[in-house]
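Down below is the structure, laid out as structure tokens.
Protein chains: 2
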Amino acid sequence: MTRRQAPSQRDVAELAGVSSQTVSRVVNNRTNVDASTRERVLSAMHVLGYWTNGAARALATGQSRSFGVISFDLSAHGNARTIEAIAAAAADADYSVNIVGISAPTEEAVQRAYTRLTSQAVDGVVLIEARILDTATVHLPTGVPVVIADGDPGRSFPAVDINQAAGARSATRHLLDLGHQTVWHVAGPRDSHAALRRAAAWHATLKDAGRTVPPLLFGDWSADSGLEAGRSLAAREDVTAVFAANDHMALGIIRALHEAGRSVPGDVSIVGFDNVREASCFLPPLTTIHQDFEAVGRRCVELLLHQMAGEGSGGPTPGTLATIMPRLVERASTGPPPGP
Amino acid sequence: MTRRQAPSQRDVAELAGVSSQTVSRVVNNRTNVDASTRERVLSAMHVLGYWTNGAARALATGQSRSFGVISFDLSAHGNARTIEAIAAAAADADYSVNIVGISAPTEEAVQRAYTRLTSQAVDGVVLIEARILDTATVHLPTGVPVVIADGDPGRSFPAVDINQAAGARSATRHLLDLGHQTVWHVAGPRDSHAALRRAAAWHATLKDAGRTVPPLLFGDWSADSGLEAGRSLAAREDVTAVFAANDHMALGIIRALHEAGRSVPGDVSIVGFDNVREASCFLPPLTTIHQDFEAVGRRCVELLLHQMAGEGSGGPTPGTLATIMPRLVERASTGPPPGP
DNA sequence: TCCGCCGGGCCTGGGGCCAAG
DNA sequence: TCTTGGCCCCAGGCCCGGCGG
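Quick mapping for you: the protein sequence lines, in order, are chains W and V.
The numbering of the first sequence is the working numbering, which starts it at 27 and goes up by one.
The numbering of the second sequence is the working numbering, which starts it at 27 and goes up by one.
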């Protein structure tokens, strides 16, 4: 069979016996079309199976009704949840979402991604800047609204930010309040904004409380890296409390502790970060910091829409920061330190 | 500040003192441009910060160099991994990926999503049809290549399919081979293709082996639903082997068993499905069926590209089926049944 | 004269074809 | 033969003008 050519407004116009301009009006729900004319056009559209050509409309209007999302590691839990929320919020505003993944955390890769997106004529971009780039500032070609999620809020773009410090602080405080002398920390990778901010807040909280701060361990977010860190933790008698920078590493740590015959929370308490959906079914159920990824996604598109609206009318918001607060959810992996 | 208008080929042409046609040639890397002319054009492009307008190009060429992906539940583990792989494979072929989520498993929702995508002028669509639609056949407007992933391979579209039956069979057989009299199954939701196919294969395997088949339990993929199913399983003395339709439900089941004082795998063996990255850190490390989501994603874009290439030249592949084989990975959650 | 409905012409940014230098 | 420019087309949208009541 031969490839069926998509019908154009002209075809519809011809069949309905009107001008293509009238068809355009009907398509865009203009009021100044006679009811019977609209009816004829509509049925002609239906007969022909007409659907509006997005490329042509985008060209004519200068708007594509789509947003771009740039992200590392699309399948990482937090990113996947955030993207899902962005897609949902965008759909509500009748926008679609164009995803591009980044393999290496270099500015060049971000540039390429941005380029790919602008060549798709997106109306806005959200950059999920989970990793630190190799240069201090991304220099994005201007012209398209940008929002940064999960990145360095010090940038000159509007950003939506989960308050990592508050989350890490409440995790650490929770453990201290339980009576632990100090708390160990297994951080995420060194090139992660979130990891660094959590580690810094853990450090500060310990300092403020006048506690000694134990050496910092690093993982890569994976359960396996948590397992490894957990093994070195398990080798020391003096650790009674650990704050893991995410739930999966916490899982690995728990397994390591378990293998070493230390009980959780009897001998050592653990708190994670993320509140992964299955955290309540860990053994033991994990105390962790809940992050509201859905809110992040929603705020991202709100900020984008807001920038687009403000454009030209002395637009506001060149540096806005929307902060989402995480919260502690207590389950069974934490308790008082073992008696002497 | 006023909104800077994006420069066009015409602007570049003017600055470089050539025709816009020549600029077009340079942009598209045509060979028939004099080196010095190309140089002038290139530098003019650079000065102006020119970038090609995707909408205009799409209109002129009829190709947008982007694919659409329709999926339920973007953040579900398997879907997220598949989408990531699609995005990567698409990027390799210099395509970008337009995501649209579906909330309800109705054909109407799929139609809307498809409509949204075609209005974005995508060159192909992959439908991750994890849920069963409310009508037997999706009737997609023709004109754009479609590939179905993770859905009903009986459709008239090319599909890439993980062999769910083979996976479920090897899970069940593994348990039987270990000496268990029969194996219980906690299935995914009733409206899931994958869940149904796994359950059917479990059933058939038991029948073939002449075993009694215990009542089927249903969950919804979540760990919490696994917990619930696990509790009813734990209430019966005679269950020694359980095949869970995914790893997260397996986690919930393990927790339920643990709470009931039954050991895994001492008293009851468990195998999951997915091979989630952290499965090796469960307590105990989970025996499960590995699914190669990356392969699925890659094959999807291969099939799309293939359809696009075959178009017109007596195109082949109107019903192709690419099958990906899952495999059992043995860890510590399975063993022989307890002695009498 | 004003208003509701409709069509003509031109514009969006680029690409293909063809002829000319 | 190789380079280059003119012209028209892609599919729609907007401005403006016209027609009729």
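By construction, the Cβ of each residue, glycine as well, lies at the ideal position given by its N, Cα and C atoms.
Owing to the predicted nature of the structure, the values given are computational and were not obtained by experimental measurement.
Under 9 Å between the Cβ atoms of residue 294(W) and residue 123(V)?
No, the Cβ-Cβ distance between residue 294(W) and residue 123(V) is not below 9 Å.
Chain W within 9 Å of residue 56(V), Cβ atoms only
Residue 56(V) does not count as touching chain W.
Residues in its own chain within less than 7 Å of residue 221(V) by CB, not counting five upstream and five downstream?
Hits under 7 Å: 213, 214, 215 and 271.
Under the three-state DSSP convention, the category residue 280(V) falls into
Secondary structure at residue 280(V): helix, using DSSP grouped into helix, strand and coil.
Would residue 231(V) and residue 77(W) qualify as a contact pair, given that the criterion is a beta-carbon distance under 9 Å?
No Cβ-Cβ contact shorter than 9 Å links residue 231(V) with residue 77(W).
Simplified DSSP state of residue 3(W), which is helix, strand or coil
The requested residue 3(W) does not occur in the structure, where chain W is confined to residues 27 to 366.
Report, in whole angstroms, the separation of the C-beta atoms of residue 189(W) and residue 352(W), which I expect to be a contact under 8 Å.
The beta carbons of residue 189(W) and residue 352(W) sit about 6 Å from each other, so the pair counts as a contact at 8 Å.
Assuming residue 96(W) and residue 153(W) form a contact by the criterion Cβ under 8 Å, report the distance between their Cβ atoms to the nearest whole angstrom.
Cβ atoms of residue 96(W) and residue 153(W) come within 8 Å of each other, at about 5 Å.
Go ahead and pull the three-state DSSP assignment for residue 158(W).
Looking at residue 158(W) - three-state DSSP - the assignment turns out to be coil, as it is neither helix nor strand.
Mind checking if residue 82(W) is an interface residue toward chain V, Cβ cutoff 9 Å exclusive?
It does; some Cβ of chain V falls within 9 Å.
Range of the contiguous beta strand (DSSP E) that encloses residue 309(W)
Note, residue 309(W): premise wrong, no beta strand (DSSP E); not H, not E.
Helix, strand or coil: how does DSSP classify residue 212(V) here?
If DSSP states are grouped into helix, strand and coil, residue 212(V) belongs with the strands.
At the level of alpha carbons, what is the spacing between residue 193(W) and residue 292(W)?
One alpha carbon belongs to residue 193(W), the other to residue 292(W), and they sit about 24 Å apart.
Flag residue 113(W) as yes when its Cβ comes closer than 8 Å to any non-hydrogen atom of the ligand SAH, and as no otherwise.
This structure does not include the ligand SAH; it has no bound ligands of any sort.
Could you give the C-beta distance for residue 326(W) and residue 112(W), rounded to a whole number, given that I count them as a contact under 8 Å?
About 6 Å; that satisfies the 8 Å criterion.
Quick check: what's the CA-CA separation for residue 316(W) versus residue 354(W)?
In this structure, the CA atom of residue 316(W) is about 6 Å from the CA atom of residue 354(W).
Along the segment 106–135 of chain W, where does the CB come closer than 7 Å to a CB of chain V? Name the residues.
Residues of the segment 106–135 of chain W with a C-beta atom less than 7 Å from some C-beta of chain V are 106, 107, 109, 110, 113, 114, 117, 122, 123, 124, 125, 126 and 127, listed in chain order.
If distances are taken between C-alpha atoms only, which option among 252(W), 264(W) and 248(W) comes closest to residue 239(W)?
With distances taken between Cα atoms, residue 239(W) lies closest to 264(W).
What are the residues of the segment 306–318 of chain W that lie near chain V, defined by any Cβ-Cβ distance shorter than 8 Å?
Look at the segment 306–318 of chain W: the residues with a C-beta under 8 Å from a C-beta of chain V are 306, 307, 308, 309 and 311.
So that I know if they touch, is there some Cβ in chain W lying closer than 9 Å to that of residue 100(V)?
It does: the Cβ of residue 100(V) has a partner Cβ on chain W nearer than 9 Å.
Under a CB-based cut-off of 9 Å, is residue 228(W) close to chain V?
No, no contact with chain V.
Could you give the first and the last residue of the continuous alpha helix (DSSP H) run that contains residue 44(V)?
Careful: residue 44(V) lies outside any alpha helix (DSSP H) and carries neither H nor E.
Can the beta-carbon of residue 297(V) be found less than 9 Å from the beta-carbon of residue 312(V)?
Yes, they are a contact pair.
Kindly say whether residue 177(W), judged by its beta-carbon, lies nearer than 9 Å to any beta-carbon of chain V.
Cβ-Cβ to chain V under 9 Å: no for residue 177(W).
To the nearest whole angstrom, what separates the beta carbons of residue 93(W) and residue 330(W), a pair I think is in contact under 8 Å?
Indeed, because the Cβ distance is near 6 Å, the residues count as touching under 8 Å.
So, is residue 335(V) buried or exposed, given that buried needs 16 or more other C-beta atoms within 10 angstroms?
Under this definition residue 335(V) is an exposed residue.
Alpha carbon to alpha carbon, how far is residue 191(W) from residue 323(W)? Give it in angstroms, no decimals.
Spanning the alpha carbons of residue 323(W) and residue 191(W) requires a straight line of approximately 20 Å.
Burial state of residue 266(V) (16 or more Cβ within 10 Å):
Buried, by the Cβ-count rule.
Between residue 72(W) and residue 104(V), what straight-line distance do the alpha-carbon atoms span, to the nearest angstrom?
Their Cα atoms are separated by approximately 38 Å.
Can you check whether the CB of residue 223(V) is closer than 9 Å to the CB of residue 211(V)?
Not in contact: residue 211(V) and residue 223(V) (Cβ atoms no closer than 9 Å).
Taking buried to mean at least 16 other C-beta atoms within 10 Å of its own C-beta, is residue 31(W) buried or exposed?
Exposed, since its Cβ has fewer than 16 Cβ neighbours within 10 Å.
Would you mind stating whether residue 370(V) and residue 150(V) have Cβ atoms separated by less than 9 Å?
An answer regarding residue 370(V) cannot be provided, because it is not within the stretch 27 to 366 covered by chain V.
Under the three-state reduction of DSSP, which class applies to residue 204(W): helix, strand or coil?
Residue state, collapsed to three classes: coil.
Among 202(W), 179(W), 207(W) and 61(W), which residue has its Cα nearest to the Cα of residue 219(W)?
Checking every option, the nearest Cα to that of residue 219(W) belongs to 179(W).
Distance, residue 256(V) Cα to residue 283(V) Cα:
Taking the straight line from one Cα to the other gives about 6 Å.
Rounded straight-line distance, which links the Cα of residue 52(V) to that of residue 68(V)
Whole-angstrom Cα-Cα distance: 8 Å.
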